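Worksheet for the structure shown next.
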Amino acid sequence: MQFTRAIVRPPARNFAAGLSSAALGPPDVARALEQHAEYVGALRDCGLTVTSLEPDAEHPDSTFVEDTAIVTERGAVLTRPGAPSREGEALSMGRCLRNFFADLPVIAAPGTVDGGDICEADGHFLIGVSARTNESGARQLAVHLDRLGYSSSVVDIRANPALLHLKSGIAYLGDGIWVVDHGIQAEIRSQSRIVVRDLIPVVAVEAYAANCVRVNDAVLVAAGFPLTSAALEKSGCRLVTLETSEFRKMDGGLSCLSLRF
Ligand code: CIR
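Everything in the sequence shown is counted per my numbering, starting at 1026 for the first residue and increasing by one.
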C-alpha cells in the first residue's frame, strides 16, 4: 500500500508517567521530542502529509497513536486500548479520524484491541491476542475487517510475555518479506493465509529491531541494531535509521508512533 498520510502526537511533558516494563530508566522528554521530530521528518521525506495532534498530558502514553485505531485503504476502526489508563486516548483520535473516514466503527466493551497487535499483509490481517488485545476485541475486529473485504487470523502471543504487542515482534515489509523475532518464527510460518517469501530473523540481542516499518519505498529502522539492519539491506530495503532510545524506555517503537494510510 502506498501511504499519503500519517497521524502523530508528540509526547506530553509527563511522558515518563506512562506505562513501562523496560527498566531502562525514565525517558528524557526533551530528547523524546527531538526524536519524535526526526521521525515526523522521515515520514514527510517519504512523501506523507502529517497531521500532528496536540500533546495530551491526561494520557502520558498517547504519543503511541498506533494503538488507538486500525486504518486501512478501505476504512478505519477505532480501538478500545487494553490498558485502562489508555482507554480515553481513542476519543480524540476518533475526532481526528472522522475527518478522513465517514464511517468509523468502534471496538466495544468487553473487547479490547491495541493497534500494535494488528499486522496487515496484502489484505490479510494478523490479529495478535495479547495482554492488551482480548478474544472479544479480536472477534469484533475480524467482523469489521470482513465488512471491509479483508480476511484475518489470530496469532496468540500470550505465552510470549517478552512481546508487548504482536508488532513488537514482527513487521511485514511487502513482497512476502517478514521481519520476525526469534521467539515467534514458528507461529508466523504456521500461518497458512500469508505468503512468507523471505523471513528475516531477528536475534534475541536485537529483539527491539523487529519493530520496523515500511513507509512507501523506505523501511524505518531503529538505530543500534547492526545485524538486523545488514539483513534488511541484503534483502534490498532502503533503510532510514532513526534514534528511538527515549520511546524504547517506555516500551514503544517506530510503528507505535504513527497511523499511516
Ligand atoms: C504502553 O505500554 O501501552 C506504552 N507504554 C507503549 C505502547 C507501545 N505501542 C505499540 O507497541 N504499538
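All residues carry an ideal CB built from backbone N, CA and C; glycine is no exception.
Please read all numbers here as calculations on a predicted model, not as lab measurements.
Proximity test, Cβ basis, 8 Å: residue i and chain D
i	result
D1139	Looking for chain D here will not work: only one protein chain is present.
Same chain, Cβ closer than 7 Å to residue i, five either side skipped, listed in chain order
i	result
G1119	L1103 and L1129
R1038	V1054 and A1082
E1160	V1154
I1195	C1144, W1203, V1204, V1205, D1206, I1209, I1213 and A1235
Sub-8 Å separation of residue i and residue j beta-carbons
i	j	result
A1041	R1273	no
S1077	P1051	no
A1247	L1267	yes
L1198	N1236	no
V1221	I1213	yes
E1231	L1264	no
I1182	V1154	yes
Q1210	P1226	yes
T1097	A1115	no
G1141	H1190	yes
G1261	L1173	no
L1245	V1033	no
S1110	L1044	yes
Sequence-distant residues of the same chain with beta carbon closer than 8 Å to residue i, five excluded per side
i	result
S1338	Nothing about residue 1338 can be read from this structure; the chain reaches only from 1026 to 1286.
G1162	T1104, R1105, G1107, I1132, G1136, T1137 and V1138
R1030	L1073, T1074, V1075, T1076, F1125, R1285 and F1286
Cβ neighbours of residue i in the same chain (closer than 6 Å, five flanking residues each side left out)
i	result
F1250	E1231 and A1234
S1193	N1236
Residue i: first and last residue of the uninterrupted alpha helix (DSSP H) it sits in
i	result
P1035	Premise fails: P1035 is in no alpha helix (DSSP H) and is neither H nor E.
E1289	In the structure as shown, the chain begins at 1026 and stops at 1286. Residue 1289 is therefore absent and cannot be evaluated.
D1053	No alpha helix (DSSP H) contains D1053, which DSSP labels as neither H nor E.
R1120	E1114 to L1122
R1222	Careful: R1222 lies outside any alpha helix (DSSP H) and carries neither H nor E.
I1132	No alpha helix (DSSP H) holds I1132; DSSP gives it neither H nor E.
Extent of the continuous beta strand (DSSP E) to which residue i belongs
i	result
V1244	A1243 to A1247
T1076	T1074 to S1077
R1239	V1238 to V1240
L1252	Unbroken run through L1252 is the alpha helix (DSSP H), P1251 to K1259; no beta strand (DSSP E).
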